[in-house]
Amino acid sequence: MPTSPSDASTYDLAVIGAGPAGLAAAVTAADLGLRCALLDAGRQTGGQYYRHPASGLGAARPDRLHHGWSVYTGLADRLAAHREAGRVDFLGGHQVWALERTGDGYAVHVTLGPEAADRATVPAAAVLLATGAYERQLPFPGWTLPGVVTAGGAQAMLKAGLVLPGRRIVVAGSGPLLLAAASSLVTAGAEVPSVVEATDYLGYARRPGVLAAVPGKLVEGAGHGSALLRHRVRLRRRSAVVEAHGTDRVNAVTVARLDADWRPVPGTERRIDCDALAVGHGLLPQIELATELGAATSTGPDGAVALQVDARLRTTVPGLWSAGETNGVGGADLAIAEGELAAHAVADLAPRPALLRRRARLRAFAELMAAAHRPGPGWTGWLRPDTDVCRCEEVPVARIREAVEELGAGDPRTVKLLTRAGMGWCQGRMCGPAVACLAGSGEPGPDRRPFACPVPLSQLAAAED
């Protein structure tokens, strides 16, 4: 169960995010003698990757829903021992909305709920950011229909709720998450008539040495492929879902072949009946807490913006480290390696050379993966003028193009001011990449703002300072 800070003294390290990177960082830092706070918006550890079935569901074998569950249980056992010894406080249900630099470290501002009293500040000498990533979505006609979910969302429904988004599910988009999602869905009893991948996977062949250095990734991919073969799932490469059909719910999708720039090829359309669509185009680092402090960023091979870190995973902000997907999406194995490395750096100790080599191999694979699945510029060819781009504010393609072509908007922020695209509840997480592309500025850069999540006004009014 989550706890509260054990006393008012300053922690040596506050780790934000209790997924693979954050868990590894917290337990390693405690091993090295640091007193840590591990904060997460969720009530349990594991983050988005190691989701837990709700306790009332009585799931006896959660390991069957996860890849590498034993790695998580090992980290969780170490955390439990450190919590018992008072070296780590796990602060579950603590949503961090801002980091503030103080004279001797950081004040980590958190909200715990909607009431005025449900706020706290956690003091720490150093902070390690392990906030993970969120899914990149590219809109298409019909993507707002019920039954259309993200690829990660379909996995989350299965892992946390033991439910499927439908019985006949098309999986589409681009990236390795598609194969993992499809494999999980068919293993759980769903029918997956097709996995629709926008690339052709040939990008991986450009650096065979990188692939050979991570045999575990090849084994993992082969496992997903075997599951799909057993269930006779068709893999459609160089293709995309260009429209979802239905009234009250999706009941079919149109799939088209793509050219090298992701433009739909006329005459190649095929209709596939389904009652759900799981779609996603990779992940984007969640870095708002760091960019608000002025941390430098870099653009990855897939166009995604991540934090710029040095060899010891330090950001350009003093006392702020970063591990895992915030440095560029690379999966749980890389996140764990970087969590351990960052903990050694915070403790001012040299890590094992083997760990450095492991991180280098996995980071090289992450860059290869990102390059192989970079969205092509021609994907806007499947949009129609009335296609909603911003779901929250119901802003269609026509209004965004009007802002760009007639009103002179040349960047996402100006488009936002003219159309309200990105002003809704998700604050541009769903529509940001699409708006940036339509504005002609590529992937959106970090949007600096003082709040990383919604905070009740009552909590701000009750603040002493």
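UniProt numbering numbers the first residue of the sequence shown as 1 and each following residue consecutively. Even for Gly, the Cβ is constructed at its ideal location relative to N, Cα and C. In this text, all values refer to a predicted model and were calculated from it rather than measured experimentally.
Taking all protein chains shown into account, decide if residue i is buried (16 or more other Cβ within 10 angstroms of its Cβ) or exposed.
{"i": "T419", "result": "buried"}
{"i": "W425", "result": "exposed"}
{"i": "P318", "result": "exposed"}
{"i": "residue 467", "result": "Missing from the structure shown is residue 467; the chain here goes from 1 to 465 and no further."}
{"i": "P176", "result": "buried"}
{"i": "M1", "result": "Confidence at M1 is low in this model, with a pLDDT of 48, below 50, so its placement is unreliable and no value can be given for it."}
{"i": "S174", "result": "buried"}
{"i": "V214", "result": "buried"}
{"i": "A323", "result": "buried"}
{"i": "L202", "result": "exposed"}
{"i": "R399", "result": "buried"}
{"i": "L362", "result": "buried"}
{"i": "G294", "result": "exposed"}
{"i": "D386", "result": "exposed"}
{"i": "A85", "result": "exposed"}
{"i": "A14", "result": "buried"}
{"i": "A98", "result": "buried"}
{"i": "G33", "result": "exposed"}
{"i": "D333", "result": "buried"}
{"i": "L65", "result": "buried"}
{"i": "A462", "result": "exposed"}
{"i": "A403", "result": "buried"}
{"i": "L320", "result": "buried"}
{"i": "residue 531", "result": "There is no way to answer for residue 531, as the model of the chain reaches only from 1 to 465."}
{"i": "L417", "result": "exposed"}
On a CA-only basis, which of the options is nearest residue i? Give me that one, please.
{"i": "D31", "options": "D77, L65 and V397", "result": "D77"}
{"i": "T45", "options": "T73, R61 and H66", "result": "T73"}
{"i": "E197", "options": "A180, L218, A181 and A172", "result": "A172"}
{"i": "L341", "options": "A409, A29, R263 and L228", "result": "A29"}
{"i": "G328", "options": "G93, L235, P53 and L129", "result": "L129"}
{"i": "residue 501", "options": "S322, A151 and R206", "result": "Not covered by the structure: residue 501. The range shown for the chain is 1 to 465."}
{"i": "H281", "options": "A181, A107 and V108", "result": "A181"}
{"i": "G47", "options": "F90, G33 and L34", "result": "F90"}
{"i": "V346", "options": "P141, R35, V242 and S9", "result": "R35"}
{"i": "A252", "options": "A41, A461, L145 and F451", "result": "L145"}
{"i": "D367", "options": "S298, E393, V395 and G153", "result": "Correcting the residue identity first, residue 367 is Glu in this sequence and not Asp. Cα-wise, what sits closest to E367 is S298."}
{"i": "L79", "options": "L39, Y49 and R374", "result": "L39"}
{"i": "residue 466", "options": "P433, G105, A304 and Y49", "result": "With the chain represented from 1 up to 465, any question about residue 466 goes unanswered, as that position is not in the structure."}
{"i": "Q95", "options": "P53, G17 and M157", "result": "G17"}
{"i": "residue 474", "options": "T199, E220, G221 and A332", "result": "With the chain represented from 1 up to 465, any question about residue 474 goes unanswered, as that position is not in the structure."}
{"i": "V250", "options": "H224, W143 and R374", "result": "W143"}
Taking C-beta to C-beta, are residue i and residue j nearer than 7 Å?
{"i": "A240", "j": "L258", "result": "yes"}
{"i": "P377", "j": "D261", "result": "yes"}
{"i": "S184", "j": "Q155", "result": "yes"}
{"i": "R101", "j": "T111", "result": "no"}
{"i": "A125", "j": "D12", "result": "yes"}
{"i": "A343", "j": "A25", "result": "yes"}
{"i": "T233", "j": "V192", "result": "The sequence shown places Val at residue 233, not Thr. Yes, these two residues count as a Cβ contact at 7 Å."}
{"i": "R61", "j": "K159", "result": "no"}
{"i": "V435", "j": "P456", "result": "no"}
{"i": "G381", "j": "P264", "result": "yes"}
{"i": "M423", "j": "E393", "result": "yes"}
{"i": "V108", "j": "V88", "result": "no"}
{"i": "T291", "j": "R448", "result": "yes"}
{"i": "A335", "j": "P139", "result": "no"}
{"i": "P53", "j": "L162", "result": "yes"}
{"i": "G300", "j": "A370", "result": "yes"}
{"i": "A106", "j": "A372", "result": "It is worth fixing the name first, because residue 106 is Tyr in this sequence and not Ala. Taking 7 Å as the Cβ cut-off, Y106 and A372 do not qualify as a contacting pair."}
{"i": "A452", "j": "L228", "result": "no"}
{"i": "R43", "j": "G93", "result": "yes"}
With DSSP as the reference, please indicate the residues paired to residue i in a beta bridge.
{"i": "A120", "result": "V110"}
{"i": "Q95", "result": "T111"}
{"i": "H281", "result": "S174"}
{"i": "P396", "result": "D388"}
{"i": "D89", "result": "A37"}
{"i": "Y201", "result": "Note: Y201 sits in no beta bridge, so no partner."}
{"i": "D273", "result": "A252"}
{"i": "H245", "result": "A252"}
{"i": "V305", "result": "T299"}
{"i": "E239", "result": "In the sequence under discussion, the amino acid at residue 239 is Ser, which differs from the Glu named in the question. Paired residues: R257."}
Can you find a C-beta in chain D that's less than 7 Å from the C-beta of residue i?
{"i": "A172", "result": "The structure shown contains no chain D; it holds only a single protein chain."}
Assess contact between the segment 276 to 289 and the segment 130 to 143, defined as three or more Cβ pairs (one per stretch) separated by less than 8 Å. Is contact present? yes
Per the contact definition of three or more C-beta pairs closer than 8 Å, is the segment 338 to 352 in contact with the segment 181 to 198? no
Do three or more CB pairs link the segment 303 to 316 to the segment 263 to 273 at distances below 8 Å? no
Quick check: the segment 242 to 256 against the segment 404 to 422, are there 3 or more CB pairs under 8 Å? no
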